[in-house]
Amino acid sequence: KEWNGFKMRQIGCCLISFQANGGDGSGDTTDEEIEYRDRIVDFEIGFQHAVVCSPKQCYVYDLYHLNNPITVDLKFIVSFVAMSATNFALVTRTQGVLIYSYDGRNLSLIDVNCTLSSGGFSRNHISMSNDYVAFVDPQDKTIVQILEARTGKKANDLQSAIHHDANIDLVSLSKSRSNQTQTKILIIDEKKDLFLCSICPETGHRECELQKIGSHVYSAAWNEEYDQVAAISDCRILIWYQTNSLHDDLFSMASESIDCPGIGKNPRIANFAKAAITVESNDGNKTTTVISPVFETIHEYLLSNKWEKALHLCRFAENPKVWAMLTVLAIQNMNVEVAEAGLKACRLVDKLFHLQYIKSLKNEKEKRAELRKFCKIT
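Our numbering applies: residue 1213 is where the sequence shown begins, and numbers increase by one.
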(Lines of atoms letter the chains of each structure in order from A and count residues from 1; the text may use other names and numbers.)
(Lines give C-alpha, C1' and ligand atoms only; values in the text may rest on other atoms or scores of the structure.)
Protein backbone atom coordinates (compact mmCIF):
# COMPACT_ATOMS: atom_id res chain seq x y z
CA LYS A 1 0.00 0.00 0.00
CA GLU A 2 1.25 3.46 -0.90
CA TRP A 3 0.72 7.10 0.05
CA ASN A 4 2.66 10.18 -1.10
CA GLY A 5 5.99 8.41 -1.57
CA PHE A 6 5.57 6.08 1.43
CA LYS A 7 5.04 2.36 0.96
CA MET A 8 3.92 -0.34 3.40
CA ARG A 9 4.25 -4.03 2.65
CA GLN A 10 3.59 -7.08 4.77
CA ILE A 11 6.56 -9.43 4.33
CA GLY A 12 5.67 -11.91 7.07
CA CYS A 13 2.80 -12.75 9.36
CA CYS A 14 4.28 -10.41 11.99
CA LEU A 15 6.53 -8.20 9.84
CA ILE A 16 5.85 -4.90 8.04
CA SER A 17 8.25 -3.09 5.73
CA PHE A 18 8.09 0.72 5.56
CA GLN A 19 9.72 2.49 2.63
CA ALA A 20 9.95 6.24 2.12
CA ASN A 21 10.85 7.41 -1.39
CA GLY A 22 11.69 10.98 -0.55
CA GLY A 23 8.47 11.27 1.43
CA ASP A 24 10.26 13.30 4.07
CA GLY A 25 11.33 15.87 1.49
CA SER A 26 15.00 14.84 1.53
CA GLY A 27 14.82 12.91 -1.74
CA ASP A 28 16.43 9.89 -0.07
CA THR A 29 15.00 6.39 0.03
CA THR A 30 14.81 4.79 3.45
CA ASP A 31 13.69 1.31 4.49
CA GLU A 32 12.61 0.08 7.88
CA GLU A 33 11.21 -3.26 9.02
CA ILE A 34 9.04 -3.51 12.12
CA GLU A 35 8.25 -6.84 13.75
CA TYR A 36 5.20 -7.34 15.95
CA ARG A 37 4.57 -9.81 18.73
CA ASP A 38 1.33 -11.08 17.16
CA ARG A 39 0.22 -11.69 13.61
CA ILE A 40 -0.93 -8.69 11.58
CA VAL A 41 -4.67 -8.58 10.96
CA ASP A 42 -4.81 -5.47 8.77
CA PHE A 43 -2.96 -2.24 8.03
CA GLU A 44 -3.62 1.02 6.19
CA ILE A 45 -1.60 4.06 5.17
CA GLY A 46 -2.68 7.60 4.34
CA PHE A 47 -3.02 11.18 5.57
CA GLN A 48 0.53 11.18 7.04
CA HIS A 49 -0.30 8.18 9.23
CA ALA A 50 -0.20 4.40 9.23
CA VAL A 51 -2.38 2.07 11.29
CA VAL A 52 -1.40 -1.54 11.98
CA CYS A 53 -3.68 -3.96 13.82
CA SER A 54 -2.91 -7.26 15.50
CA PRO A 55 -5.46 -9.32 17.46
CA LYS A 56 -4.49 -7.61 20.72
CA GLN A 57 -3.18 -4.14 19.81
CA CYS A 58 -3.50 -1.29 17.33
CA TYR A 59 -0.38 0.73 16.45
CA VAL A 60 -0.78 4.28 15.14
CA TYR A 61 2.26 5.79 13.38
CA ASP A 62 3.15 9.27 12.27
CA LEU A 63 4.88 8.47 8.97
CA TYR A 64 7.59 11.02 9.70
CA HIS A 65 8.31 9.58 13.17
CA LEU A 66 8.01 5.81 12.97
CA ASN A 67 9.94 5.22 16.18
CA ASN A 68 7.18 6.47 18.47
CA PRO A 69 3.87 4.77 17.66
CA ILE A 70 0.78 5.20 19.80
CA THR A 71 -0.48 1.83 21.04
CA VAL A 72 -4.13 1.03 21.70
CA ASP A 73 -5.04 -2.18 23.51
CA LEU A 74 -7.86 -4.07 21.82
CA LYS A 75 -10.57 -6.23 23.36
CA PHE A 76 -12.05 -7.27 20.04
CA ILE A 77 -11.02 -8.69 16.66
CA VAL A 78 -10.51 -6.08 13.93
CA SER A 79 -11.78 -6.93 10.48
CA PHE A 80 -10.27 -3.94 8.65
CA VAL A 81 -9.20 -0.29 9.01
CA ALA A 82 -10.66 2.83 7.35
CA MET A 83 -9.04 6.28 7.45
CA SER A 84 -9.73 9.98 7.03
CA ALA A 85 -7.51 13.02 7.51
CA THR A 86 -8.34 13.45 11.21
CA ASN A 87 -9.76 10.08 12.38
CA PHE A 88 -9.62 6.39 11.65
CA ALA A 89 -12.08 3.54 12.12
CA LEU A 90 -11.57 0.00 13.34
CA VAL A 91 -14.28 -2.16 11.82
CA THR A 92 -14.76 -5.15 14.11
CA ARG A 93 -16.45 -8.49 13.72
CA THR A 94 -18.82 -8.15 16.68
CA GLN A 95 -18.54 -4.67 18.23
CA GLY A 96 -19.45 -2.51 15.25
CA VAL A 97 -17.25 0.40 14.14
CA LEU A 98 -14.98 2.18 16.62
CA ILE A 99 -13.75 5.67 15.72
CA TYR A 100 -10.37 6.85 17.02
CA SER A 101 -8.33 10.02 16.67
CA TYR A 102 -4.70 9.67 15.63
CA ASP A 103 -3.62 10.35 19.19
CA GLY A 104 -5.32 7.10 20.24
CA ARG A 105 -8.49 8.51 21.79
CA ASN A 106 -11.68 6.51 21.29
CA LEU A 107 -14.23 9.01 19.99
CA SER A 108 -17.31 6.90 19.35
CA LEU A 109 -18.82 3.47 18.77
CA ILE A 110 -21.17 2.86 15.86
CA ASP A 111 -23.39 -0.21 16.06
CA VAL A 112 -23.94 -1.41 12.50
CA ASN A 113 -26.23 -4.26 13.60
CA CYS A 114 -24.42 -7.04 11.80
CA THR A 115 -21.94 -9.79 12.37
CA LEU A 116 -19.02 -8.99 10.07
CA SER A 117 -17.76 -12.56 10.02
CA SER A 118 -20.94 -13.50 8.18
CA GLY A 119 -19.86 -11.42 5.18
CA GLY A 120 -22.41 -8.68 5.78
CA PHE A 121 -19.89 -5.83 5.53
CA SER A 122 -16.88 -5.01 3.37
CA ARG A 123 -14.35 -2.23 2.81
CA ASN A 124 -16.48 -0.84 -0.01
CA HIS A 125 -19.44 -0.52 2.36
CA ILE A 126 -17.96 2.09 4.68
CA SER A 127 -16.31 5.48 4.17
CA MET A 128 -15.07 8.29 6.40
CA SER A 129 -14.64 12.02 6.08
CA ASN A 130 -13.36 14.28 8.83
CA ASP A 131 -16.87 14.81 10.16
CA TYR A 132 -18.99 11.87 9.04
CA VAL A 133 -19.11 8.11 8.66
CA ALA A 134 -21.23 6.60 5.89
CA PHE A 135 -21.98 2.89 5.59
CA VAL A 136 -24.31 0.61 3.68
CA ASP A 137 -27.03 -0.71 5.98
CA PRO A 138 -26.35 -4.45 6.43
CA GLN A 139 -30.07 -5.13 6.79
CA ASP A 140 -31.03 -3.24 3.64
CA LYS A 141 -28.28 -2.62 1.11
CA THR A 142 -30.31 0.01 -0.72
CA ILE A 143 -29.77 2.40 2.22
CA VAL A 144 -26.69 4.38 3.22
CA GLN A 145 -26.59 5.50 6.86
CA ILE A 146 -24.71 8.72 7.69
CA LEU A 147 -23.57 9.48 11.25
CA GLU A 148 -21.28 11.96 12.98
CA ALA A 149 -17.80 10.52 13.39
CA ARG A 150 -17.15 12.11 16.79
CA THR A 151 -20.40 11.00 18.41
CA GLY A 152 -21.51 7.98 16.41
CA LYS A 153 -24.99 9.50 16.36
CA LYS A 154 -27.26 11.08 13.81
CA ALA A 155 -26.48 14.74 13.25
CA ASN A 156 -29.33 17.11 14.05
CA ASP A 157 -28.63 19.20 10.95
CA LEU A 158 -28.14 16.31 8.54
CA GLN A 159 -30.37 13.83 6.80
CA SER A 160 -29.16 10.56 8.29
CA ALA A 161 -29.92 8.16 5.45
CA ILE A 162 -29.84 8.01 1.67
CA HIS A 163 -32.31 5.66 0.01
CA HIS A 164 -31.62 4.15 -3.39
CA ASP A 165 -33.58 1.85 -5.68
CA ALA A 166 -30.86 -0.82 -6.02
CA ASN A 167 -28.33 -2.53 -3.78
CA ILE A 168 -25.22 -0.43 -3.22
CA ASP A 169 -21.78 -1.93 -3.93
CA LEU A 170 -19.61 1.05 -2.95
CA VAL A 171 -19.99 4.21 -0.89
CA SER A 172 -17.39 6.97 -0.60
CA LEU A 173 -17.32 10.37 1.15
CA SER A 174 -15.33 13.33 -0.16
CA LYS A 175 -12.21 14.44 1.69
CA SER A 176 -11.61 18.00 0.49
CA ARG A 177 -9.29 20.24 2.53
CA SER A 178 -11.41 23.29 1.73
CA ASN A 179 -13.72 24.59 4.44
CA GLN A 180 -15.95 26.10 1.75
CA THR A 181 -17.10 22.81 0.25
CA GLN A 182 -19.85 20.57 1.50
CA THR A 183 -19.22 16.91 2.18
CA LYS A 184 -20.31 14.90 -0.83
CA ILE A 185 -21.05 11.24 -1.29
CA LEU A 186 -20.76 8.96 -4.30
CA ILE A 187 -22.16 5.47 -4.67
CA ILE A 188 -21.88 2.66 -7.19
CA ASP A 189 -24.88 0.34 -7.26
CA GLU A 190 -25.22 -3.28 -8.38
CA LYS A 191 -26.10 -2.06 -11.89
CA LYS A 192 -22.66 -0.39 -12.02
CA ASP A 193 -24.16 3.08 -12.21
CA LEU A 194 -22.32 5.93 -10.49
CA PHE A 195 -24.28 8.53 -8.50
CA LEU A 196 -23.30 11.72 -6.69
CA CYS A 197 -24.93 14.14 -4.29
CA SER A 198 -24.03 16.56 -1.48
CA ILE A 199 -24.78 16.42 2.20
CA CYS A 200 -26.04 19.83 3.26
CA PRO A 201 -25.62 20.72 6.95
CA GLU A 202 -26.90 24.24 6.33
CA THR A 203 -30.46 23.30 5.38
CA GLY A 204 -30.79 19.95 7.13
CA HIS A 205 -31.07 17.82 4.00
CA ARG A 206 -29.38 17.00 0.75
CA GLU A 207 -29.83 19.82 -1.72
CA CYS A 208 -30.42 17.34 -4.51
CA GLU A 209 -31.27 13.71 -4.96
CA LEU A 210 -28.64 11.25 -6.08
CA GLN A 211 -27.72 12.19 -9.62
CA LYS A 212 -26.37 9.66 -12.06
CA ILE A 213 -23.06 10.74 -13.61
CA GLY A 214 -21.73 7.48 -15.10
CA SER A 215 -22.60 3.98 -16.33
CA HIS A 216 -20.66 0.70 -16.47
CA VAL A 217 -18.50 1.98 -13.61
CA TYR A 218 -16.53 -0.67 -11.72
CA SER A 219 -14.52 1.52 -9.36
CA ALA A 220 -14.47 5.16 -8.26
CA ALA A 221 -12.56 7.28 -5.77
CA TRP A 222 -12.30 10.83 -4.50
CA ASN A 223 -9.09 12.78 -4.70
CA GLU A 224 -7.48 12.79 -1.24
CA GLU A 225 -7.40 16.60 -1.07
CA TYR A 226 -9.79 18.11 -3.60
CA ASP A 227 -13.39 17.55 -4.66
CA GLN A 228 -12.44 15.58 -7.77
CA VAL A 229 -13.63 12.10 -8.74
CA ALA A 230 -11.95 9.41 -10.83
CA ALA A 231 -13.76 6.31 -12.07
CA ILE A 232 -13.09 3.29 -14.27
CA SER A 233 -15.54 2.49 -17.04
CA ASP A 234 -14.93 0.19 -20.02
CA CYS A 235 -11.12 0.46 -20.05
CA ARG A 236 -11.29 4.20 -19.59
CA ILE A 237 -10.53 6.46 -16.67
CA LEU A 238 -13.19 9.12 -16.22
CA ILE A 239 -12.27 12.26 -14.27
CA TRP A 240 -14.53 15.00 -12.96
CA TYR A 241 -12.38 17.96 -11.97
CA GLN A 242 -15.16 19.65 -10.00
CA THR A 243 -18.24 18.27 -8.26
CA ASN A 244 -19.77 21.47 -6.89
CA SER A 245 -22.13 22.03 -9.79
CA LEU A 246 -24.01 19.52 -11.87
CA HIS A 247 -24.93 21.99 -14.62
CA ASP A 248 -24.78 19.85 -17.74
CA ASP A 249 -22.46 22.26 -19.54
CA LEU A 250 -20.00 23.19 -16.78
CA PHE A 251 -20.02 19.68 -15.31
CA SER A 252 -19.24 18.05 -18.65
CA MET A 253 -16.71 20.72 -19.61
CA ALA A 254 -14.75 20.03 -16.41
CA SER A 255 -14.49 16.31 -17.10
CA GLU A 256 -12.19 14.06 -19.09
CA SER A 257 -12.05 10.53 -20.45
CA ILE A 258 -8.67 8.81 -20.82
CA ASP A 259 -8.26 5.52 -22.69
CA CYS A 260 -6.40 2.91 -20.62
CA PRO A 261 -6.47 -0.40 -22.51
CA GLY A 262 -3.76 -1.99 -20.36
CA ILE A 263 -5.32 -1.70 -16.91
CA GLY A 264 -6.03 -5.44 -16.65
CA LYS A 265 -9.00 -7.43 -15.39
CA ASN A 266 -11.32 -6.22 -12.64
CA PRO A 267 -9.34 -2.99 -12.08
CA ARG A 268 -9.95 -0.70 -9.15
CA ILE A 269 -8.68 2.76 -8.29
CA ALA A 270 -6.21 2.18 -5.48
CA ASN A 271 -5.38 5.84 -4.97
CA PHE A 272 -6.14 9.30 -6.36
CA ALA A 273 -3.61 11.67 -4.84
CA LYS A 274 -2.79 15.12 -6.23
CA ALA A 275 -2.34 14.57 -10.00
CA ALA A 276 -1.74 10.80 -9.94
CA ILE A 277 -4.38 8.07 -10.34
CA THR A 278 -3.16 4.59 -9.41
CA VAL A 279 -5.13 1.64 -10.78
CA GLU A 280 -4.64 -1.88 -9.47
CA SER A 281 -5.75 -4.95 -11.43
CA ASN A 282 -6.90 -8.27 -10.02
CA ASP A 283 -3.40 -9.77 -10.30
CA GLY A 284 -1.86 -6.95 -8.25
CA ASN A 285 -0.27 -5.05 -11.14
CA LYS A 286 -0.45 -1.28 -10.78
CA THR A 287 -0.51 1.43 -13.42
CA THR A 288 -0.39 5.16 -12.75
CA THR A 289 -2.05 7.80 -14.90
CA VAL A 290 -0.86 11.38 -14.35
CA ILE A 291 -3.22 14.22 -15.18
CA SER A 292 -2.25 17.83 -15.77
CA PRO A 293 -0.81 19.43 -12.61
CA VAL A 294 -2.63 22.65 -13.48
CA PHE A 295 -5.80 21.44 -11.73
CA GLU A 296 -3.88 20.76 -8.52
CA THR A 297 -2.12 24.13 -8.71
CA ILE A 298 -5.43 25.95 -9.16
CA HIS A 299 -6.85 24.25 -6.08
CA GLU A 300 -3.77 25.12 -4.04
CA TYR A 301 -4.03 28.76 -5.09
CA LEU A 302 -7.66 28.87 -4.04
CA LEU A 303 -6.95 27.22 -0.69
CA SER A 304 -4.57 30.14 -0.10
CA ASN A 305 -7.15 32.63 -1.44
CA LYS A 306 -4.87 33.56 -4.37
CA TRP A 307 -7.60 34.14 -6.95
CA GLU A 308 -5.57 36.43 -9.18
CA LYS A 309 -2.82 33.82 -9.54
CA ALA A 310 -5.41 31.16 -10.36
CA LEU A 311 -6.94 33.44 -12.97
CA HIS A 312 -3.56 34.17 -14.55
CA LEU A 313 -2.75 30.45 -14.69
CA CYS A 314 -6.06 29.73 -16.42
CA ARG A 315 -5.34 32.35 -19.05
CA PHE A 316 -1.89 30.88 -19.58
CA ALA A 317 -3.10 27.26 -19.77
CA GLU A 318 -5.97 28.02 -22.20
CA ASN A 319 -7.67 24.77 -21.19
CA PRO A 320 -11.52 24.75 -21.22
CA LYS A 321 -11.58 22.12 -18.47
CA VAL A 322 -9.49 24.33 -16.20
CA TRP A 323 -11.69 27.33 -16.96
CA ALA A 324 -14.86 25.34 -16.20
CA MET A 325 -13.45 24.14 -12.88
CA LEU A 326 -12.35 27.63 -11.83
CA THR A 327 -15.70 29.12 -12.87
CA VAL A 328 -17.70 26.77 -10.66
CA LEU A 329 -15.35 27.27 -7.71
CA ALA A 330 -15.57 31.05 -8.16
CA ILE A 331 -19.37 30.97 -8.10
CA GLN A 332 -19.31 28.72 -5.04
CA ASN A 333 -17.03 31.19 -3.26
CA MET A 334 -19.10 34.19 -4.41
CA ASN A 335 -16.20 35.59 -6.43
CA VAL A 336 -18.28 37.19 -9.17
CA GLU A 337 -15.38 38.81 -11.06
CA VAL A 338 -13.50 35.53 -11.54
CA ALA A 339 -16.74 33.70 -12.37
CA GLU A 340 -17.53 36.33 -14.99
CA ALA A 341 -14.10 35.90 -16.59
CA GLY A 342 -14.58 32.12 -16.56
CA LEU A 343 -17.99 32.24 -18.23
CA LYS A 344 -16.56 34.49 -20.93
CA ALA A 345 -13.71 32.04 -21.53
CA CYS A 346 -16.17 29.12 -21.62
CA ARG A 347 -18.42 31.09 -24.01
CA LEU A 348 -21.50 30.45 -21.91
CA VAL A 349 -23.29 33.62 -22.96
CA ASP A 350 -26.67 32.95 -21.33
CA LYS A 351 -25.10 32.25 -17.95
CA LEU A 352 -22.79 35.25 -18.35
CA PHE A 353 -25.76 37.59 -18.88
CA HIS A 354 -27.53 36.03 -15.88
CA LEU A 355 -24.46 36.51 -13.70
CA GLN A 356 -24.12 40.12 -14.81
CA TYR A 357 -27.74 40.68 -13.79
CA ILE A 358 -27.01 39.18 -10.36
CA LYS A 359 -23.92 41.36 -10.10
CA SER A 360 -26.08 44.45 -10.65
CA LEU A 361 -28.35 43.65 -7.69
CA LYS A 362 -28.00 46.19 -4.87
CA ASN A 363 -29.23 44.02 -2.02
CA GLU A 364 -26.31 41.86 -0.82
CA LYS A 365 -28.58 39.20 0.72
CA GLU A 366 -30.61 38.93 -2.46
CA LYS A 367 -27.40 38.78 -4.50
CA ARG A 368 -26.07 35.85 -2.46
CA ALA A 369 -29.40 34.03 -2.70
CA GLU A 370 -29.51 34.47 -6.46
CA LEU A 371 -25.89 33.43 -6.79
CA ARG A 372 -26.57 30.22 -4.85
CA LYS A 373 -29.53 29.46 -7.07
CA PHE A 374 -27.38 30.17 -10.10
CA CYS A 375 -24.69 27.79 -8.98
CA LYS A 376 -27.07 25.02 -7.85
CA ILE A 377 -24.40 23.53 -5.59
CA THR A 378 -25.02 19.80 -5.43
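Positions of the beta carbon are idealized from the N, C-alpha and C atoms, including for glycine.
- Rounded to the nearest angstrom, the Cβ distance from Val1309 to Phe1300 is 11 Å, too far for a contact under 8 Å.
- The C-beta separation of Lys1396 from Leu1408 comes to about 6 Å, placing the pair in contact by the 8 Å criterion.
- Counting along the chain, Val1324 sits inside no beta strand (DSSP E), nor does DSSP assign it H or E at all.
- Three or more pairs of CB atoms, one per stretch, sit closer than 8 Å, so the region 1553-1573 contacts the region 1518-1535.
- Here Asp1562 carries a helix assignment [DSSP, helix/strand/coil].
- For Leu1406, the secondary structure class from DSSP, reduced to helix, strand or coil, is strand.
- A distance of 8 Å or more separates the beta carbons of Asp1381 and Asp1352.
- When beta bridges are read from the DSSP output, Cys1270 appears opposite Cys1265, Val1284.
- Taking all protein chains shown into account, Leu1560 has 16 or more neighbouring C-beta atoms within 10 Å of its C-beta and is therefore buried.
- Rounded to whole angstroms, the separation of the alpha carbons of Gln1260 and Arg1362 is 20 Å.
- Membership of Lys1219 in any alpha helix (DSSP H) is not indicated; the residue belongs instead to the beta strand (DSSP E) covering 1218-1224.
- With a cutoff of 8 Å on beta-carbon distance, Trp1434 and Phe1484 are scored as near each other.
- Annotation for Tyr1248: no alpha helix (DSSP H) segment contains it, and DSSP assigns it neither H nor E.
- Per DSSP, the beta-bridge partners of Gln1423 are Leu1408.
- Per DSSP, the continuous beta strand (DSSP E) segment holding His1375 begins and ends at 1373-1375.
- Around the C-beta of Gln1568, fewer than 16 other C-beta atoms lie within 10 Å, and the residue is accordingly described as exposed.
- Ser1467 has its alpha-carbon roughly 8 Å from the corresponding atom of Gln1454.
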